[in-house]
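First to last, the protein sequences are chains H and P.
The first sequence lines up with residues -3 to 321 when you count with the numbering used here.
The second sequence lines up with residues 308 to 549 when you count with the numbering used here.
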Amino acid sequence: MRHELLLIFNDARGAFSGWSNLLTLLVAVPILLLAARSWFAEVPADQAGFVIALFGFAVGLSATHLLAERVQYHQTLGMLAEEALAVRSALAPFAILLAMAVILAAGLAGLVHPSGLGYFLAAAGAGIAARGLLLIVLSASSSGGNYNALSRALLRLAGDWRSGLLLGLAVALSAAAGSALLAKEASMALALLLPCIPALALASLDAGSMRFLAQSGFSPWQAIRKHARALVVFGGTIVPVYAMTTDLVTAAFAGGLVIVVLLVMIVRLLCYRLYPKRLADFTASILLIAVILAGIAVPLLAPVVFAVPVVRLWGMASNSTWRIA
Amino acid sequence: MTEAIALDDVCVRRGTDMVVHSLSLAIDQGTWFGLMGANGSGKTTLLRALAGRLPIARGTCRLLGAELAGRRAARAAQMGFAPPIESLPEMMRVREALALVGGDLDTAIGNIEGLGDAMAIPGLLDRWIGDCSSGMRQRVAIALAFAGGREIVILDEPFNWLDPVAAFDIRHVLRARVDKGLTLVTALHDIPTLTTCCDAGLVMAEGHAALTLTKDQLIKGAMDPLSFESDMIQALRTRTWT
């Protein structure tokens, strides 16, 4: 556990090494938290609960995912394999770290919306259970629980524009069928839910490959063009078909959803060129949380909160082309 | 003979530390240049700066006659460079990595020429890099340095991790490529390769040039390896910068 805490401390020190980054954290986060708190006070309880629950699920899922990866690392490549391979001695410190992460995030959730704590904890539990279940399923599978195989399959899907076309057609035709068979609200909900998972799958990125592209002379723009093709084809397929088979509003929302996923992918891609995976995910998460909080507090501010750091990241990522530190 | 690389008073930083200090050297076209030195002496930093993977803080760097000290991307575009094996992407197949660097797989394989067979690359093409052993990754890294078809290639300790047969075969193919006009710069740790394969060399210590080695000195070294090694160690210990 001391080993992991030391790494977390070093990562945080790396991410906020510049005074401007630290100042941004110290000033912007409390302001955004206060703004989010005031926004939550105004929205209906069920809506606020839904947003908090989404946050909780994401925290539970990603914290468990991260810790599962760390246990696997320690059991195979790490310096503390002996301790990590003894299940009891490995699980206790990681369970404590998981609890610490959930409590910290619950504290933030409690700050912005005290009555949403229950939603948060329930959803975080669901996130932990979902990731835990995936671990059990994978380790029981005939492939010997090869998580890499799943990641590789996703990356292959994301790397081929034809996947975007096929998935786009499948989603668009399913939505069209829904629109013919279901009531308007239900068909609209279905049309917006259907593209979520394919869009996320097509936005899969591998940190090592992104660094390799940078080291091989690919500029950020070239790397984005190479990796966003399937997602762009997906969006380009569903939007016109939605417009013809459902309605323009649903098509616009679906297009917006694909653009948001694309922008998140671009942020991750830029971060992967600059930092080791863990630090890159951490940096991208902080940026996206800041954008979400800004979007909740002052919606007009969200594009600025997004654009300013992204322009800076882009400059640094361009400078990383060919570079091996 | 035309100079492929000419450095004058070059300094290179790594983070905030100056690692290479006022280093000058000249490497002729169509030669194999060997770089030796203790761990931490600045060999890797110098090679990365030469290959445009790090900026040059001061000095001049001419590649095939063009001054490129301030143009990192132009240096990188002119040189083949073997990436460190730990930075190879685990989630890519060997064929995909080669195709990326060479433009397409056929071009990359064509550029690798005889090295492909010496390194058994055809058998590795469909492998995920993440499933490759260190020796296989080393072969992939060397293949990547040649995949772009550059006239100057830089390899940092290319024989690490390789089995003796592969090392032997690769040395011979590299020598044949140099004899056909390739300019090869390698960091090395073994004196026999330096004396038997290289046309010239440099020993680095603490970021400085400690000893320059001419073809004649290397031939003599090959004939009397013990004296040669002893001279080199003494040069490193006395730290008389040349």
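Where is the CB? At the ideal position from N, CA and C, for every residue including glycine.
If you're wondering where the values come from, they're calculated on a predicted model, not measured in any experiment.
Cβ neighbour criterion (16 or more within 10 Å) applied to residue i
{"i": "residue 27 of chain H", "result": "exposed"}
{"i": "residue 463 of chain P", "result": "buried"}
{"i": "residue 38 of chain H", "result": "exposed"}
{"i": "residue 530 of chain P", "result": "exposed"}
{"i": "residue 211 of chain H", "result": "buried"}
{"i": "residue 533 of chain P", "result": "exposed"}
{"i": "residue 133 of chain H", "result": "exposed"}
{"i": "residue 346 of chain P", "result": "exposed"}
{"i": "residue 349 of chain P", "result": "buried"}
{"i": "residue 318 of chain H", "result": "buried"}
{"i": "residue 65 of chain H", "result": "exposed"}
{"i": "residue 471 of chain P", "result": "exposed"}
{"i": "residue 537 of chain P", "result": "exposed"}
{"i": "residue 475 of chain P", "result": "exposed"}
{"i": "residue 488 of chain P", "result": "exposed"}
{"i": "residue 393 of chain P", "result": "exposed"}
{"i": "residue 372 of chain P", "result": "exposed"}
{"i": "residue 43 of chain H", "result": "exposed"}
{"i": "residue 478 of chain P", "result": "buried"}
{"i": "residue 401 of chain P", "result": "buried"}
{"i": "residue 217 of chain H", "result": "exposed"}
{"i": "residue 111 of chain H", "result": "exposed"}
{"i": "residue 75 of chain H", "result": "exposed"}
Cβ of residue i within 7 Å of any chain P Cβ
{"i": "residue 312 of chain H", "result": "no"}
{"i": "residue 141 of chain H", "result": "Unreliable placement is indicated for residue 141 of chain H, whose pLDDT of 49 sits below 50; no coordinate value is reported for it."}
{"i": "residue 275 of chain H", "result": "no"}
{"i": "residue 205 of chain H", "result": "yes"}
{"i": "residue 202 of chain H", "result": "yes"}
{"i": "residue 208 of chain H", "result": "yes"}
{"i": "residue 309 of chain H", "result": "no"}
Interface flag, residue i vs chain H, CB-CB below 7 Å
{"i": "residue 407 of chain P", "result": "yes"}
{"i": "residue 429 of chain P", "result": "no"}
{"i": "residue 272 of chain P", "result": "Because chain P here runs from 308 to 549, residue 272 of chain P falls outside it and cannot be looked at."}
{"i": "residue 355 of chain P", "result": "yes"}
{"i": "residue 311 of chain P", "result": "no"}
{"i": "residue 494 of chain P", "result": "no"}
{"i": "residue 383 of chain P", "result": "yes"}
{"i": "residue 380 of chain P", "result": "yes"}
9 Å Cβ cut-off: residues of chain C touching residue i
{"i": "residue 360 of chain P", "result": "In summary, chain C is missing from the structure at hand, where the protein chains are H and P."}
Cβ separation of residue i and residue j, assumed to be a contact under 8 Å, to the nearest whole Å
{"i": "residue 461 of chain P", "j": "residue 330 of chain P", "result": "Wrong, their Cβ atoms sit about 15 Å apart, outside the cutoff."}
{"i": "residue 35 of chain H", "j": "residue 286 of chain H", "result": "Actually they do not touch by this definition, with Cβ atoms about 15 Å apart."}
{"i": "residue 616 of chain P", "j": "residue 357 of chain P", "result": "Summary: the structure shown does not reach residue 616 of chain P, with chain P confined to residues 308 through 549, and so no result is reported for it."}
{"i": "residue 147 of chain H", "j": "residue 398 of chain P", "result": "7 Å"}
{"i": "residue 449 of chain P", "j": "residue 385 of chain P", "result": "Not confirmed; about 18 Å, so no contact."}
{"i": "residue 94 of chain H", "j": "residue 63 of chain H", "result": "5 Å"}
{"i": "residue 55 of chain H", "j": "residue 120 of chain H", "result": "5 Å"}
List, from N- to C-terminal side, the alpha helix (DSSP H) runs of 4 residues or more that fit wholly inside the stretch 354 to 437 of chain P. 379 to 385, 401 to 409, 412 to 419, 422 to 425
Short-range partners of chain H found in the stretch 451 to 482 of chain P, where Cβ spacing is below 7 Å: none
Entirely enclosed alpha helix (DSSP H) segments - the stretch 258 to 310 of chain H, minimum 4 residues: Runs of the alpha helix (DSSP H) lying entirely within the stretch 258 to 310 of chain H, each at least 4 residues long, are 273 to 293 in chain order.
Residues of the stretch 213 to 226 of chain H whose Cβ lies closer than 8 Å to any Cβ of chain P, in chain order: Taking 8 Å as the Cβ-Cβ cut-off against chain P, the residues of the stretch 213 to 226 of chain H that qualify are 213, 214.
The stretch 389 to 404 of chain P: positions lying closer than 8 Å to chain H by Cβ: 390, 391, 394, 395, 396, 397, 398, 399, 404
Which residues, in order along the stretch 151 to 180 of chain H, keep a beta-carbon less than 8 Å from a beta-carbon of chain P? 151
Please list, in chain order, the residues of the stretch 245 to 265 of chain H that have any C-beta partner in chain P closer than 7 Å. none
Would you list, in sequence order, the uninterrupted alpha helix (DSSP H) runs of no fewer than 4 residues that lie entirely inside the stretch 200 to 247 of chain H? Given a length threshold of 4 residues, each whole run of the alpha helix (DSSP H) inside the stretch 200 to 247 of chain H is given here in chain order: 203 to 211, 216 to 241.
Runs of alpha helix (DSSP H) wholly within the stretch 449 to 495 of chain P (minimum 4 residues, chain order): 471 to 486
Please go through the stretch 33 to 83 of chain H and give each complete alpha helix (DSSP H) segment of 4 or more residues, from N-terminal end onward. 41 to 72, 77 to 81
Closer than 8 Å, Cβ to any Cβ of chain H: which residues of the stretch 412 to 446 of chain P, in chain order? 435, 437
Could you pull out every unbroken beta strand (DSSP E) segment of at least 3 residues lying fully inside the stretch 503 to 535 of chain P, listed in chain order? Those beta strand (DSSP E) runs which fall completely within the stretch 503 to 535 of chain P and span 3+ residues are 507 to 512, 515 to 520.
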